[in-house]
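So the structure is just underneath, and the comments pick up after that.
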Amino acid sequence: MERWVLHVDMDAFYASVEQLDNPSLKGRPVIVGGLGPRGVVATASYQARAYGVHSAMPMARARRLCPHGVFLPPRFARYQELSSRIQAILREYTPLVEPISLDEAFLDLTGTQRARGSPEQVAREIHTRIPREVGLPCSVGLGPSKLLAKLASDSAKPGGLRVIKPEDVIAFMSPLPVERLWGIGPKTAQRLTQQGIRTVQDLRGVDVALLSSWFGPKVGTHLWRLARGLDDSPVIPVREAKSFSQEVTYPEDLYDQEVIRAEVRRLAHMVAGRLKEEGFLARVVRIKVRWEDFVTNTRQLRLPEATDNVVLLSEAAVELLSRLETGRGVRLVGVGVAGLVPASFRPLHLFLDERLSEAAWRLRARFGEAALMWGWGPSPPGKGSAPGRPPQAPGG
Ligand code: DCP
Ligand code: MG
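When the sequence shown is numbered by the numbering used here, its final residue is 1163 and no position is left out of the sequence of numbers.
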């Protein structure tokens, strides 16, 4: 059966939402992002892009480039709400919807023909329904794979619809710069450029053995396939939310508050590492404490936004610990996370910069330099004022 994948990507998503909610902003350069001194641009309306403003640019630079722009802080809850409405529309066509971020998703339309019309009709319908029913502009691409669907929607931006039929793939791809192929980062692109390979057509002229000698067999074969538009990566509907936790039962009860806090931080680090490994962000942090008399207490809190950040998660866990009364010996400590979303939903790690440094500052103020453990290193109990060694390895 012919494979059909659709890709939808909203145009200047955050900025378009701001324009939707405040129509006086329509047609104006709107820049959404961190407004503090170290803020970064999340996105800019196409009117602002004309001044050279783009995502990930320091806000200070954006202000210089576009002094008469409208600068706004992000409103994640609102973006999330509209994202859900968009996804609900998409799910009317197939359960095979893979959200990539708040404003982007893939749909596998293979074999949906009978129920919903041809993939091309579905693409047209989605392309008109989203602006009509949600009020936001989008771009839609349809092609024989995820690779082609994404390239198609990119080429239709802003506001367009593009269909790439299997027989048009080679002609469509040939003139594209190699960086446009996914999985080709700046480093790979640079190495290709050094060899005089700039476009997909150039890349198609290099045989697989040569590519493999440059990049190794795995990447070499991948590049060879991409150059031919060959991509069979599946559309993966969003995974069920899970939870992760780490807990330890101690051979001897813990009494020292510093030690207990250090343990909570250490477990939070392990959980954060697990989130990173599995590609999730968490909204909820939990702790569990079993006292010497076997009474067990749990506490949980909801974070302002989903994160896998080590410092934020351990800060939250320590905060929860402080909500429990002290004095009794502690047999067991556990730290867990729930409310997991795929890391591709990461709202704005760029802004976290500001909040992160704030959290780091608070941490340092409370526990001293030793409290800061950015990487994924050995456990901290025993450092500084906290005596003792971490007990046996924690179980799952
Ligand atoms: N985003 C962000 N930081 C980035 C990139 C994006 O916070 N470095 C946020 C703001 C965007 C949203 O994610 O509105 C969607 O990202 P896109 O890359 O799809 O960018 P836009 O939708 O803003 O613009 P377009 O897709 O039209 O290029
Ligand atoms: Mg977008």
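The beta-carbon is built from N, C-alpha and C at its ideal position, and this holds for glycine as well.
Round the Cβ separation of L915 and I931 to the nearest angstrom and send it over; I've been treating them as touching at under 8 Å. Contact flag correct, Cβ pair sits at about 5 Å.
So, at 7 Å on beta carbons, what are the nonlocal neighbours of L787 in its own chain, with the 5 sequence-adjacent residues on each side left out? Cβ neighbours of L787 beyond the five flanking positions: G902 and L903.
Quick one: give me the first and last residue of the alpha helix (DSSP H) that G1040 is part of. From DSSP, the alpha helix (DSSP H) with G1040 extends over Q1024 to E1045.
At what residues does the alpha helix (DSSP H) containing A817 begin and finish? Per DSSP, A817 belongs to no alpha helix (DSSP H) and is neither H nor E.
I798 - partner residues in DSSP beta bridges: A811 and F838
Locate the alpha helix (DSSP H) running through T960, then write down its first and last residues. P953 to Q961 is the extent of the alpha helix (DSSP H) around T960.
What are the boundary residues of the beta strand (DSSP E) that S1012 is part of? F1011 to L1021
Taking just the CA atoms, how far does L997 sit from L977? 19 Å
Taking the CB atoms as reference points, tell me whether A1105 and A1049 lie closer together than 8 Å. yes
Count the other CB atoms within 10 Å of the CB of E871; is the residue buried (16 or more) or exposed (fewer)? Buried: at least 16 other Cβ atoms inside 10 Å.
Can the beta-carbon of R1066 be found closer than 8 Å to that of R1057? no
Cβ-based burial, E769 [other Cβ within 10 Å; buried from 16]: exposed
When A817, Q888, A829 and Q814 are compared against P804, the one with the closest alpha-carbon: Checking every option, the nearest Cα to that of P804 belongs to A829.
CA-to-CA distance, K954 to L990, given in whole angstroms: 14 Å
Sort out for me which residues DSSP pairs S868 with in a bridge. Paired residue(s): E871.
List the whole-angstrom C-beta distance separating Y846 from T810, where the pair is believed to meet the contact cut-off of C-beta under 8 Å. Cβ atoms of Y846 and T810 stay farther apart than 8 Å, at about 10 Å.
Residue burial classification, R1131 (beta-carbon count within 10 angstroms, cutoff 16): Its pLDDT being 48, under 50, R1131 is placed unreliably by the model, and the measurement read from it follows with that caveat. Around the Cβ of R1131, a 10 Å sphere holds fewer than 16 other Cβ atoms; the residue is exposed.
C-alpha gap between S912 and E848, whole angstroms: 29 Å
What is the residue span of the alpha helix (DSSP H) that A782 lies within? F780 to D788
Give me every residue whose Cβ sits closer than 5 Å to any heavy atom of the ligand MG, in chain order. D776, M777, F780 and D870
First and last residue of the uninterrupted beta strand (DSSP E) at P1109: Counting along the chain, the beta strand (DSSP E) containing P1109 begins and ends at V1097 to P1109.
Just checking, does the segment 963-970 make contact with the segment 1018-1038 on the three C-beta pairs under 8 Å criterion? no
Heavy atom of the ligand DCP within 7 Å of K917 beta-carbon: no
Rounded to a whole number of angstroms, what is the C-alpha to C-alpha distance between G806 and Y1017? Distance between the alpha carbons of G806 and Y1017: 43 Å.
In this structure, does DSSP put T1063 in helix, strand or coil? strand
Would you mind working out which of I867, H894, R1032 and A817 sits nearest N1076, comparing C-alpha positions? Out of I867, H894, R1032 and A817, R1032 has the C-alpha closest to the C-alpha of N1076.
Just to confirm my understanding: we take P840, look at its own chain, exclude 5 residues before and 5 after, and list those with CB closer than 8 Å. What are they? V799, G800, G801 and L802
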